[in-house]
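Read the structure below first, then the notes.
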Amino acid sequence: MLNRRTLLGAISAVAMLASAGAPAFAQENYDIALISKGFQHQFWQAVKAGADQAGADLGVSVTFEGPESETQVDRQMDMLAAALSRNPDAIGFAALDSQAATPLLQQADAAGIPIIAFDSGVDSDIPLTTATTDNVAAAALAADVMAELIGGEGKIAVVAHDQTSRTGIDRRDGFVNRIAEAYPNIEIVSIQYGGGDQLQSTEITKSILLANPDLKGIFGTNEGSAIGVANGKQELNSDVVVIGFDSGAAQKGMVASGLMAGAITQNPVGIGYQTVQAAVAALKGEELPPIIDTGFYFYDAENMNNPEIAAVLYD
Numbered sequence: 021m022l023n024r025r026t027l028l029g030a031i032s033a034v035a036m037l038a039s040a041g042a043p044a045f046a047q048e049n050y051d052i053a054l055i056s057k058g059f060q061h062q063f064w065q066a067v068k069a070g071a072d073q074a075g076a077d078l079g080v081s082v083t084f085e086g087p088e089s090e091t092q093v094d095r096q097m098d099m100l101a102a103a104l105s106r107n108p109d110a111i112g113f114a115a116l117d118s119q120a121a122t123p124l125l126q127q128a129d130a131a132g133i134p135i136i137a138f139d140s141g142v143d144s145d146i147p148l149t150t151a152t153t154d155n156v157a158a159a160a161l162a163a164d165v166m167a168e169l170i171g172g173e174g175k176i177a178v179v180a181h182d183q184t185s186r187t188g189i190d191r192r193d194g195f196v197n198r199i200a201e202a203y204p205n206i207e208i209v210s211i212q213y214g215g216g217d218q219l220q221s222t223e224i225t226k227s228i229l230l231a232n233p234d235l236k237g238i239f240g241t242n243e244g245s246a247i248g249v250a251n252g253k254q255e256l257n258s259d260v261v262v263i264g265f266d267s268g269a270a271q272k273g274m275v276a277s278g279l280m281a282g283a284i285t286q287n288p289v290g291i292g293y294q295t296v297q298a299a300v301a302a303l304k305g306e307e308l309p310p311i312i313d314t315g316f317y318f319y320d321a322e323n324m325n326n327p328e329i330a331a332v333l334y335d
């Protein structure tokens, strides 16, 4: 269950930013379909909450769905096809596979349906904009924090959620490239993929730790990956430094307890809100920027209760 107080604070902040930079929209009975990468993580529930709030604020109808697992590319394509079949006014889409959806996006474009990408971009110029975290910069920040915590030297690893979505690619590369360019005494000994699944990421982590007893740190690139990494650390009683990505009650608890050193938080409520807002703007013929940067922060046990950080954390 999302923490209502935190959620309302984040929505309020998004709404104030939106109203400061854009004209008020007249209410229209638009039908906007959002297809996300998943539904199982609290991150997606927070994105949905933001989208629902934007729908209420702007007087439009919003539907939100996603596959049960972030490995189900075919299921996501079925959902996108089903949404297209009802001919919505606009579609918001977060791609599990940045190329697999191209034929369906071309179909939407031919039908004159605006596409707004969110969270994970698409390898196509069809989407009018992408509401997203700057994942390369966010992962680079995670690398900087990791380097500081391990003293600028030693072996580390990455447990990523996938190598097909834009977020999976950008977070992996943003972290790896920052380490390579700035920290010559740090060696990344393993990059593995757990599909964002906690159990799979736990087993991967244990395997990495057993193969590398001198490992100093592991970066988990999304909610499920990070929780799995922390669980693997705990099961082996390891003192490895864990840096995560995203929030949610479980991950917040791990950060508060010190099991996880900290994590990057996105602004999922803002992503959902601004996706719907961008769709309405497109339908009204307004020009959109190529990227809507929804922001990110690093949080740890010391700063996670600060108002600026607490507003973008979710349960």
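Residue 21 is where the sequence shown starts when you use the working numbering, and the numbers rise one by one after that. In this text, a Cβ means the ideal position worked out from N, Cα and C, and glycines have one as well.
Using the C-alpha atoms, what's the distance from residue j back to residue i?
i: A53; j: I135; result: 10 angstroms
i: P123; j: M324; result: 42 angstroms
i: A131; j: P108; result: 10 angstroms
i: F339; j: I170; result: Residue 339 is absent from the structure shown; the chain starts at 21 and stops at 335.
i: Y50; j: V300; result: 8 angstroms
i: A321; j: L125; result: 42 angstroms
i: V261; j: A281; result: 6 angstroms
i: I146; j: F63; result: 26 angstroms
i: V67; j: E173; result: 37 angstroms
i: T222; j: K304; result: 47 angstroms
i: A103; j: H181; result: 26 angstroms
i: I238; j: L308; result: 38 angstroms
i: D143; j: P310; result: 13 angstroms
i: N251; j: N257; result: 10 angstroms
i: E201; j: D164; result: 11 angstroms
i: N287; j: Y319; result: 13 angstroms
i: V275; j: D129; result: 43 angstroms
i: Q220; j: A110; result: 36 angstroms
i: M99; j: I206; result: 43 angstroms
i: V179; j: G86; result: 23 angstroms
i: E328; j: D335; result: 16 angstroms
i: K57; j: L148; result: 19 angstroms
i: T184; j: V296; result: 25 angstroms
i: D193; j: T153; result: 15 angstroms
Could you give the C-beta distance for residue i and residue j, rounded to a whole number, given that I count them as a contact under 8 angstroms?
i: A160; j: I208; result: 14 angstroms between Cβ atoms; not a contact.
i: N155; j: T187; result: 5 angstroms
i: I224; j: G214; result: 5 angstroms
i: Q218; j: G248; result: 4 angstroms
i: Q96; j: I133; result: About 17 angstroms separates the two Cβ atoms, so there is no contact after all.
i: A151; j: T314; result: 6 angstroms
i: F265; j: A114; result: Their Cβ separation, rounded to whole angstroms, is 15 angstroms, which puts F265 and A114 out of contact at 8 angstroms.
i: I284; j: A167; result: Going by Cβ atoms, the distance from I284 to A167 rounds to 15 angstroms, so no, they are not a contact pair.
i: K175; j: L116; result: About 31 angstroms separates the two Cβ atoms, so there is no contact after all.
i: Y293; j: G70; result: 4 angstroms
i: E243; j: G273; result: Their Cβ separation, rounded to whole angstroms, is 13 angstroms, which puts E243 and G273 out of contact at 8 angstroms.
i: E90; j: G290; result: The Cβ separation is near 21 angstroms, so there is no contact.
Decide if residue i is buried, meaning its Cβ has at least 16 other Cβ atoms within 10 Å, or exposed.
i: I312; result: buried
i: G240; result: buried
i: V34; result: Bear in mind that a pLDDT of 48 at V34, under 50, signals an unreliable position, so the model cannot answer this.
i: R191; result: buried
i: K278; result: Looking at the sequence itself, residue 278 is Gly, so the reference to Lys does not match. G278 comes out exposed.
i: Q271; result: buried
i: P204; result: exposed
i: Q119; result: exposed
i: L78; result: buried
i: L230; result: exposed
Which two residues bound the contiguous alpha helix (DSSP H) that contains residue i?
i: I55; result: Taken as a continuous stretch (DSSP letters only), I55 belongs to no alpha helix (DSSP H), being part of the beta strand (DSSP E) at 51–55.
i: Q218; result: 218–231
i: T77; result: According to the sequence shown, residue 77 is Asp rather than Thr. Note, D77: alpha helix (DSSP H), 62–78.
i: K304; result: Element bounds for K304: n/a, residue is neither H nor E.
i: E207; result: E207 -> not in any alpha helix (DSSP H); beta strand (DSSP E) instead, spanning 206–213.
i: Q235; result: Here residue 235 turns out to be Leu, not Gln, going by the sequence shown. Here L235 belongs to no alpha helix (DSSP H); instead the beta strand (DSSP E) covers 235–240.
i: G132; result: Looking at the DSSP string, G132 is not in any alpha helix (DSSP H), and its letter there is neither H nor E.
i: G244; result: 243–255
Residue range of the beta strand (DSSP E) that residue i falls in?
i: E85; result: 81–85
i: D313; result: 311–313
i: F316; result: First-last for F316: undefined, no H or E at that position.
Taking 8 angstroms as the CB-CB limit, is residue i close to chain D?
i: R198; result: Note that chain D does not occur in the displayed structure, where there is just one protein chain.
The region 128–148 in contact with the region 76–86 per 3-pair CB rule at 8 angstroms: no
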